[in-house]
Amino acid sequence: MSFLKFDSLRKEFGDFVAVHDMSLSVERGEFISLLGPSGCGKTTTLQMVAGLLSPTSGKVILDGKDITNTPPNKRGLGIVFQSYALFPHMSALDNVAFGLEMRGVGKAERLERAHNALNQVKLGQFVDRFPKDMSGGQRQRVALARALVIEPPVLLLDEPLSNLDAKLREDMRIELRLLQQDLGVTTILVTHDQEEALSMSDRIVVMQQGDVSQVAAPLDLYERPLNSFVSDFVGKTNILQGKVTDKNVVSVNQIAVSVNTEAHVVGADVALSIRPEKFTMSSDNAGLPVRVKASIFMGASWLYSVESDMGELLVTQPNTGSAGFARGDSAYLAWEEGALTVFGGVQA
Amino acid sequence: MRTLGPIALIFHAIFVAFIMAPLLMVIAVSFTDKGYLSLPTDGLSLRWFKAILDNPDFIEAFGMSVWLALFSATVAVIISVPAALALARHKFPGRELISAFLLSPLMIPHLVLGVAFLQFYSRIGLGGSFYGLAAAHIILVTPYALRLALASATGMSTDAEHAAMTLGASKFTVFRRITVPLILPGIAGGWILSFITSFDELTMSVFVASPSTQTLPVKMYNHITQTIDPLIASVSTVLIVLTFLLMLILDRFYGLDKIFIGKG
Amino acid sequence: MSTEKTPNTPYLLTAPGVLFFAALLGAPMIMTLLLSLHSYDFNLGVQSDWTFGNYAEVIGDPYFQKIFGRTFGLALWVTVICVAIGVPEAYVLSRLNPRWRSIFLLIVLGPLLISVVVRTLGWALFFGGSGILSMVSQALGFGDEPVSLMFTFTGMTIALVHVLVPFMVISVWASLQKIDPQSEDAAYSLGASKMTVLRRITLPQAMPGILSGSIIVFALTASAFATPAIIGGRRLKVVATAAYDEYLSTLNWPLGAAIAVLLLIANIAIIVSYNKLVERRFAKVFE
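Residue numbers (my numbering), protein chains in the order written: chain A, 1 to 348; chain B, 1001 to 1264; chain C, 2001 to 2287.
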């Protein structure tokens, strides 16, 4: 029996269906990300779990109890909002203590617990600060402490890192994940940032226009996307349109590529996906001849845009310390057959 | 979680009724067919609206108020825009003082302004003149025009102006083509608010206006202190209707909330 | 345009306003102050002596004390009632769906644009002896005596609340608009009830608006002229109508000037000290 279950959750706004009958089972202690572009229904789903929106149909079941119609103030879930939603008229400590006060915890105890919670997020010395005197990262931590101090069965995070700058965001990812694992709190994260989802989650739910495209662990999702939407949205990829000309052969612009085609009949239109880092690029005369159109140094790697008879391709190669290829160079691309994924139909 | 309970809605209904009651009362009385104050129980009559036409005083006073409001709002904006740019863009000694001085009429009760102008004009011999009245109104409404111009000049980034300069525009061209269009909403809002404030002003004008420069509110006030009759109700009804039409136009083209916030 | 090095530019730009104000605001105000320091003789007019006699008279005379006391009491009552009904109304408005909200904002705030004379006239029609109030009370059998709120404190209070409550609504409305709605959701999710959210989250954040609305309403009531003049009349004078009478009926301008100066000082003192208080209280909380 799973800990948190969405049972055919559906939300309509007038004629617009924001979430189509979504079902999902979340295990206790699991970290799940709802990932998708804006308007895919991920935030709507989160708000239905939080009780801030009521579903048009379907159920939310927490620990065996149907909480679909429980008001948000009786659910006891911890929520970190995108804007942090701190109470501007209360100090950090009072913000964190508020939820405990609502639960009737005595003053001495709730101040102590709020203090501990702020220590936990490394804000021990800022307890008396007001939100407006704190940085974005500090506010974020207060919001997190406020949500966690009530020891919620489920922690809901609505794009919690999107208002932070890039460096801080990466640090917070690690910190948040460690904290979540230490506390063992079941967590649902809503994000449009695929890196964030990949780096923090046990499982990722990719959503598109109110539908679930794929549910998988990060590595599976990255290596074995079910369709070209997922493969394009999660990480960078090259998508090539082709046709199955023979068993295990796909022709892309008249070039025969070997790939496992067992799911597709001969003559079918298919799309091939290959990630930029799966190529090996060299000057040895072997593989697909290409010409370098653009060469960008990224620090840890080189990013190339190359022209070939198969079309334009993006290629990344690790930085090994020596100069990479330059614009106009000729080179050859090689790859392993398993690096290619085949999707049915002509998909954009 | 954002729905309102029945108690809130009942309260809201009573509040709205309270707000509308005196206005509806005025409108109702203006349609009476009697020669005295009463509700039009025996059918509606327009006789008191026709009576306005027989009292050119009110029409003249209306014309005076419109002309005065146009004049003082325009001068107030002409004074305010350069001042707002200076106050918003520059740090200079005396900046706080100048800004407080130009906004000070907001803190002075209209009565005090009225008695001050009454004495001043009678001393310098401007008593009862249109320009004396207009100068008093300009003082009164300049803070409103300044406040809105200041808000939009302060909120405006100077990047666009810098960009125009690097593209070769002269200072004056930058002002005309970039600065003014960008703060235009503030200028327009300030003008409208100034116009309305001037048009409605009574307390100060009671002291400054002479029989030849009577504004509509002053004329109406003097009439009410003599007698309250259906005629004053019909004049008020016309004013209510005109204001309502003005509001609809403003709401459509400008956004009334901005005007109200400037007034508060 | 932005970082001018010429130090004269800002002075040139503000010069028209400053000069105009100095000549036409500064001079009259100073002259009024000076006038209040002269004595007045009913036969000879304004004297050329210097005296605080007018102030002594206004402060010492029970007649004026009563008028100042009445004005202060009126301002207090009107402010309290405006808070009591204006704050809930602003809250209701902020919770209406957008279509209804814009209609009711127009209805509630629109009267601000209609002349105070017109609005007070409406109440005079209600309150007068032959007005609606009498008809209703007679119909309900409360006796045949005409009920009139004309020339009563209650009547003045009701009419002034009507005139000024839109200022309270707009001020509270503006600060309610600044509240992050997610902060209320956050409180719900932490277990707060609707009442608790209102009391602990919404109301404190609306406080700056309530306070600035209060000061506007208080100051405008204390110096109100048209409404007290029409509803209160000669029988219930307030500071503004008393000064008006000194100027235009009694013709004792120096005494009228002293009343005006005291009104101005009281007004500024209240606004400034209130602002100081609000700043101290909220500076650390709100941006």
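Just so you know, even glycine gets a beta-carbon here, dropped at the ideal spot from N, CA and C.
Every value quoted in this text rests on a predicted model; they were computed, and no experiment measured them.
| Whole-Å CB distance - alanine 1028 of chain B paired with leucine 1039 of chain B, under 8 Å assumed | The pair is a contact, with the Cβ atoms about 6 Å apart (cut-off 8 Å).
| query | Mind checking if arginine 1177 of chain B is an interface residue toward chain C, Cβ cutoff 8 Å exclusive? | reply | No, arginine 1177 of chain B lies away from the interface with chain C (no Cβ there is under 8 Å from its Cβ).
| Bounding residues of the alpha helix (DSSP H) (the contiguous stretch that carries serine 308 of chain A) | Careful: serine 308 of chain A lies outside any alpha helix (DSSP H), inside the beta strand (DSSP E) at 301-308.
| said: Quick check on threonine 222 of chain A: does DSSP put it in helix, strand or coil? | reply: Note that residue 222 of chain A is tyrosine in the sequence shown here, rather than threonine. Helix, per DSSP.
| Going along the chain, which residues of the stretch 1109-1123 of chain B sit with their C-beta nearer than 9 Å to a C-beta in chain D? | Protein chains in the displayed structure are A, B and C, and chain D is not among them.
| field | Three or more C-beta pairs below 8 Å linking the stretch 2263-2274 of chain C and the stretch 2212-2228 of chain C | value | Per the Cβ contact rule, the stretch 2263-2274 of chain C is in contact with the stretch 2212-2228 of chain C (3 or more Cβ pairs under 8 Å).
| request: Using a Cβ cut-off of 8 Å (strictly closer), state whether alanine 1151 of chain B contacts chain C. | output: By this cut-off, alanine 1151 of chain B is not an interface position.
| message | Relative to the C-alpha of leucine 157 of chain A, which candidate in A:His115, A:Leu100, A:Ala117, A:Met200 has its C-alpha closest? | response | It is A:Met200 whose Cα lies nearest to the Cα of leucine 157 of chain A.
| said: Tell me the DSSP secondary structure of serine 2171 of chain C in three-state form. | reply: Three-state DSSP puts serine 2171 of chain C in a helix.
| request: Helix, strand or coil for leucine 1046 of chain B, going by three-state DSSP, please let me know. | output: DSSP places leucine 1046 of chain B in coil when its eight states are reduced to three.
| Count the other CB atoms within 10 Å of the CB of valine 1206 of chain B; is the residue buried (16 or more) or exposed (fewer)? | By the 10 Å Cβ count, valine 1206 of chain B comes out buried.
| query | Name the chain A residues that come within less than 8 Å of glycine 2191 of chain C, Cβ to Cβ? | reply | Chain A residues near glycine 2191 of chain C: Asn73, Lys74, Gly76, Gly99, Met102, Arg103, Ile150.
| Among B:Ile1139, B:Pro1211, B:Tyr1121, B:Gly1114, which residue has its Cα nearest to the Cα of alanine 1069 of chain B? | The shortest C-alpha separation from alanine 1069 of chain B is found at B:Ile1139.
| query | Looking at the C-beta of serine 1234 of chain B, does it have a partner C-beta in chain C at a distance below 8 Å? | reply | Against chain C, the CB of serine 1234 of chain B has no partner CB under 8 Å away; the residue lies outside that interface.
| query | Straight-line CA distance for alanine 216 of chain A to leucine 2096 of chain C? | reply | Alanine 216 of chain A and leucine 2096 of chain C: Cα-Cα distance of roughly 43 Å.
| query | Does the separation of the CB atoms of valine 26 of chain A and serine 2 of chain A fall below 8 Å? | reply | The beta carbons of valine 26 of chain A and serine 2 of chain A sit closer together than 8 Å.
| With respect to the beta strand (DSSP E) encompassing valine 250 of chain A, which residues constitute its N-terminal and C-terminal limits? | In the DSSP annotation of this structure, the continuous segment of the beta strand (DSSP E) that includes valine 250 of chain A starts and ends at 249-252.
| said: Within 8 Å of any Cβ in chain C, is that where the Cβ of valine 1016 of chain B sits? | reply: Taking Cβ atoms only, chain C reaches closer than 8 Å to valine 1016 of chain B, which makes this a yes.
| field | Distance, alanine 323 of chain A Cα to alanine 300 of chain A Cα | value | For alanine 300 of chain A and alanine 323 of chain A, the distance between alpha carbons rounds to 13 Å.
| request: With 8 Å as the threshold, decide whether the Cβ of threonine 1032 of chain B is near any Cβ in chain C. | output: Not closer than 8 Å to any Cβ of chain C, the Cβ of threonine 1032 of chain B fails to qualify, so no.
| query | Beta carbon of tyrosine 2091 of chain C: closer than 7 Å to some heavy atom of the ligand ZN? | reply | As far as ligands go, the structure on display features none, and thus does not contain the ligand ZN.
| field | Neighbourhood of valine 2161 of chain C by C-beta distance below 8 Å, restricted to the same chain and skipping five residues each side | value | Contacts found: Val2078, Ile2081, Cys2082, Ile2085.
| Just the Cα atoms here: how many angstroms apart are threonine 43 of chain A and methionine 281 of chain A? | Methionine 281 of chain A has its alpha-carbon roughly 41 Å from the corresponding atom of threonine 43 of chain A.
| When DSSP labels each residue in this structure, what does leucine 163 of chain A get in the three-state scheme? | Here the sequence assigns asparagine to residue 163 of chain A, which means leucine is not the residue at that position. In the structure shown, the three-state DSSP call for asparagine 163 of chain A is coil.
| task | Would you mind telling me which residues of chain A sit closer than 7 Å to proline 2098 of chain C, beta carbon to beta carbon, in chain order? | result | Around proline 2098 of chain C, no beta-carbon contact reaches into chain A at under 7 Å, the shortest distance being about 15 Å.
| At a Cβ threshold of 8 Å, is histidine 264 of chain A touching chain C? | For histidine 264 of chain A, the answer is no, since every Cβ of chain C falls outside 8 Å of its Cβ.
| message | Can you look up methionine 22 of chain A in the DSSP assignment and give me helix, strand or coil? | response | Secondary structure at methionine 22 of chain A: strand, using DSSP grouped into helix, strand and coil.
| query | Rounded to whole angstroms, how far is the Cβ of alanine 1136 of chain B from the Cβ of phenylalanine 1117 of chain B, which I believe are closer than 8 Å? | reply | Rounded to the nearest angstrom, the Cβ distance from alanine 1136 of chain B to phenylalanine 1117 of chain B is 5 Å, consistent with a contact under 8 Å.
| query | Between the stretch 2179-2196 of chain C and the stretch 2109-2117 of chain C, are three or more C-beta pairs nearer than 8 Å? | reply | Counting Cβ pairs under 8 Å, fewer than three are found: no touch.
| So, helix, strand or coil for glycine 137 of chain A, using DSSP? | Glycine 137 of chain A: helix per DSSP, three-state reduction.
| task | Mind listing, in chain order, the continuous beta strand (DSSP E) runs of no fewer than 3 residues lying wholly within the stretch 2142-2216 of chain C? | result | Complete beta strand (DSSP E) runs here, min 3: none at all.
| query | Hey, is alanine 2206 of chain C's beta-carbon within less than 8 Å of any beta-carbon in chain B? | reply | Chain B has no Cβ within less than 8 Å of the Cβ of alanine 2206 of chain C.
| task | Taking proline 2016 of chain C as part of the alpha helix (DSSP H), name the residues at either end of that continuous run. | result | For proline 2016 of chain C, the uninterrupted alpha helix (DSSP H) run begins and ends at 2009-2021, by DSSP.
| field | Residue burial classification, alanine 1134 of chain B (beta-carbon count within 10 angstroms, cutoff 16) | value | Result: buried.
| At least three beta-carbon pairs within less than 8 Å, the stretch 1040-1057 of chain B to the stretch 1099-1114 of chain B | With a cut-off of 8 Å, the stretch 1099-1114 of chain B and the stretch 1040-1057 of chain B do not count as touching, because too few Cβ pairs lie within range.
| message | I want to verify the contact list: residues of chain C whose CB lies under 7 Å from the CB of valine 1029 of chain B, in sequence order. | response | Correct list: Leu2125.
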